[in-house]
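Going by my numbering, the sequence shown opens with residue 29, and the numbers climb by one from there. Even for Gly, the Cβ is constructed at its ideal location relative to N, Cα and C. Contents: one structure, followed by commentary.
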Amino acid sequence: MQSCFSRITLILFLGVFTTLNGSSQSLSSVIDSWQKKSTFHGATIGLSVRDLSNDALIYDYNGASNLCPASSLKTITTGMALEELGSSFTYETTLSLTIEGGDTCLVLRGNGDPTLGSMRFTHQANGQEVLYNLLDDLLLTTEASAIQRIYLDPGEWTFDPVPVDYGHEDLGQYYGAVAHSVNLNENVLRTYLKREKNFDAPWSLELVPNIEAQFDTIIYEVADASTSSLAIHYPVGSKALYVHGNMKHGHWRMRVESALHHPEFAALSILQDKLRAMGNESVRLGDLFDQDRHLLIQESIHESPKLFDIAKQTNTWSVNVFADALMKTMLMKAGLTNPQELLESYARNHGFEGLRCRIMDGSGLSRSNIISANQMTQLINHFAQNQANSTFQRSLAVLGRAGTLEELVPQTSPAVGRVYAKSGGLTGVLSYTGIVQTNRGKWLSFSLIINNHVNSNANLRLYLDRFFETLIAL
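Listed below in C-alpha cells is the structure:
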C-alpha cells in the first residue's frame, strides 16, 4: 500500500514537473527565437514570472540582471501610492481670500494635483475654467475691484521640482513630466501661429494657457515652406519665448505643444487677467508669500478625482506627470527627497530583502532607472495581494481591450482580456510588467524587460503575440 502511494505521488509530482518544465521550455523557445532574429540584435532580455498565490518563481531568464524598465516603472509608483496614500486619497487646490496689512489678497495654494484641467477626466473643466470657478465662488461676497494682490503659497512644494541627482541627459524629456504644487492641463503649453485665410493677413501668436506676462520678449517668425512644422524654444530661466514656423502654401494655422515650465505662475497670470477683464486694472502679483502676515477670510476648494482614478489613468495611458506627482506626494509624506530612498524604505517596511536597484523618478523616463525583472514581479505580487480583483490590477491596461495594450495583439489572440499590464518604451528599451490569468485559471505576475536593442520598438512589438499566448499557457 505504501509503495503504491509512493508511486502515485511520484507520478503526480512528475506530472506537475513536466507541465512546468514544458511551459518553461516554451518561454525559452520564444526567447531563443527572438535572439535569432535581426530585430533583436544586441538586445539584453530579462524575464520573470511568479505565482501570485505563493510568490514562487515559475520562470527566470536573466531575471536578476538590473535593466532599465522605462514606463513600466509606473506599476511600482502606483502600487506604492495605492497602499501608502490610499485609493480614496484626493488632491486639493485652494484659492483663498486674505487680508495682508489692510489689503485684500488672493492666495493660490495647491498640493500637487496633476489632474487640474486634465482632458482625461471628462467631468473636469480645463485648468483655466477651474481657476475661474474658484474665483467666482469668492466673488460672491467680495467685489473684484477690492482685490489688490495675488500670491502663490507653494507650501512644501519646491520651485525646482526636478528629482534630486536627475541626470542631465534625461532633462529634456523629463520636463514633460515635472509636477508642481499647482498644475494646469497636465502642464502642456500649446502655441498657435495663425492668420486669416488670405496671404496678406498678418500672423498672430496665441498661447494656451495665456502666459505672455511671464516673458519680457516673445519673438516669432513664419516662412512658407514645403513642409509643415513648428518649433518652440523655451529655455528654463529665460524671460524670452521664441517660436518658429514653416507652413505649406496656403496654410493658416499651426500648433506646437511643449512643457509648461512654470504652471504656478501661469495660474496667477490667468487670475490676474480675469480680474483685469472685470475692470480691476490695478491688481498685481505679490512677492514672496508669508503665511504669518495673512489673515484668512474665505476660501474655495477644488478637489481632484480619487487616487484610484488617477492611478488607472497613469497605468492605462502612461501619463508621466501623474506618476511624477504621486511619487513627489509620497516623498513629502515620508519626509524624503529621493525616490530611491522611498523605495528602499518601503521595501524594508514590507519585508523585502536584498532589493538592489536605482530609482530616479516616478514616471520611468530616466535611463538611469534600473531594476531587475525578478524584483519587479516580487513587488507586483505584493501590490496585487494575491487577489484577482485587486485595486492595483484594475488600474492596469488590459491586453486587446484598453489603453496602451489595446492594439498590441490581434483581437483573435487567446490572450486578449487575460493580461493586465503596464507597457514601457524608450529608444532601445521595451518592457511589459503586470498580471496574467492562465488557461488553468491561475494568476501570475510577470515582467519582461528588453534593453539595448537597435531596432524600433514597433518592430519588436510584432513578436509579442506568441509571448503572451505562451504566458497564458503556463
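C-beta atoms of residue i and residue j nearer than 8 Å
i	j	result
Ser396	Arg384	no
Thr419	Ser61	no
Leu342	Phe336	For the record, residue 342 in the displayed sequence is Thr; it is not Leu. Their beta carbons are not under 8 Å apart, which means Thr342 does not touch Phe336 by this criterion.
Val210	Leu144	yes
Gly507	Asn215	The question about residue 507 has no answer, for the chain in this structure spans 29 to 502.
Ala109	Ala425	no
Ser99	Ser328	no
Leu488	Phe68	yes
Pro237	Ala294	yes
Ser394	Tyr89	no
Tyr262	Met388	no
Lys222	Phe243	no
Thr466	Ala501	yes
Glu128	Arg321	yes
Ile298	Gln156	yes
Ala92	Ser400	yes
Gly204	Ala287	yes
Pro97	Met358	no
Thr118	Glu331	yes
Residue i, enclosing beta strand (DSSP E) - first and last residue
i	result
Tyr448	447-454
Tyr89	85-89
Thr72	72-79
Met275	268-275
Met282	281-287
Ser373	Where Ser373 is concerned, there is no enclosing beta strand (DSSP E), although the alpha helix (DSSP H) it sits in stretches over 367-377.
Glu249	245-252
Thr219	216-222
Leu436	Per DSSP, Leu436 belongs to no beta strand (DSSP E) and is neither H nor E.
Asp181	175-181
Ala259	257-261
Span separating the alpha-carbon of residue i from that of residue j
i	j	result
Val482	Thr72	11 Å
Met147	Ser54	43 Å
Leu370	Leu454	24 Å
Gly379	Phe474	20 Å
Tyr448	Arg137	37 Å
Gln63	Arg468	29 Å
Val534	Leu113	Within the shown structure, residues of the chain are numbered from 29 to 502, placing residue 534 beyond reach of any answer.
Ala241	Leu324	28 Å
Ile39	Asp198	Its pLDDT being 34, under 50, Ile39 is placed unreliably by the model, and the measurement read from it follows with that caveat. Distance between the alpha carbons of Ile39 and Asp198: 55 Å.
Ser57	Glu111	37 Å
Lys356	Lys225	46 Å
Pro367	Arg283	35 Å
Thr432	Ser346	8 Å
Leu303	Leu296	11 Å
Gly200	Glu381	35 Å
Thr498	Arg422	23 Å
Ile398	Glu372	14 Å
Leu476	Ala353	26 Å
Gly363	Glu285	34 Å
Leu48	Val271	A caution first: Leu48 carries a pLDDT of 47, below 50, which makes its placement in the model too unreliable to give a value.
Asn485	Arg218	28 Å
Leu490	Asn479	17 Å
Counterpart residues of residue i in DSSP-defined beta bridges
i	result
Cys96	Paired residues: none, contrary to the question.
Trp17	Nothing about residue 17 can be reported from this structure: the residues present for the chain run from 29 to 502 only.
Gly138	Thr121
Leu476	Leu75, Tyr460
Ile399	Leu95
Arg386	Ile398
Ser328	Leu123
Thr67	Thr67 pairs with nothing; no bridge assigned.
Leu233	Leu221
Arg312	Arg177
Glu240	Bridge partners of Glu240: none, in fact.
Asp131	Glu128
Val210	Asp141
8 Å Cβ cutoff, residue i in contact with chain B
i	result
Pro189	Judged by its chain identifiers, the structure shown contains no chain B, having just a single protein chain.
Extent of the continuous alpha helix (DSSP H) run through residue i
i	result
Ile298	291-305
Glu157	155-166
Tyr202	199-202
Lys356	348-362
Leu335	335-345
Ala109	102-112
Any non-hydrogen atom of the ligand FAD closer than 7 Å to residue i Cβ
i	result
Leu436	Here there are no bound small molecules, and the ligand FAD is not part of this structure.
**Asked** Can at least three beta-carbon pairs, one atom from the region 451-465 and one from the region 405-413, be found at a separation below 8 Å?
**Response** Judged by pairs of C-beta atoms under 8 Å, the region 451-465 touches the region 405-413, as three or more such pairs exist.
**Message:** Three Cβ pairs or more, each shorter than 8 Å: is that satisfied between the region 118-128 and the region 103-110?
**Reply:** Touching, no, given that fewer than three Cβ pairs across the two stretches are closer than 8 Å.
**Item:** Segment contact, 8 Å Cβ cut-off, at least three pairs: the region 76-91 with the region 423-442
**Value:** Short answer: they don't touch.
**Request:** Say whether the region 220-239 touches the region 164-177, bearing in mind that this needs 3 or more beta-carbon pairs closer than 8 Å, one atom from each stretch.
**Result:** Verdict: no, contact absent.
**Prompt:** Would you call the region 172-179 and the region 313-331 touching, i.e. three or more CB-CB distances under 8 Å?
**Reply:** Yes, the region 172-179 is in contact with the region 313-331.
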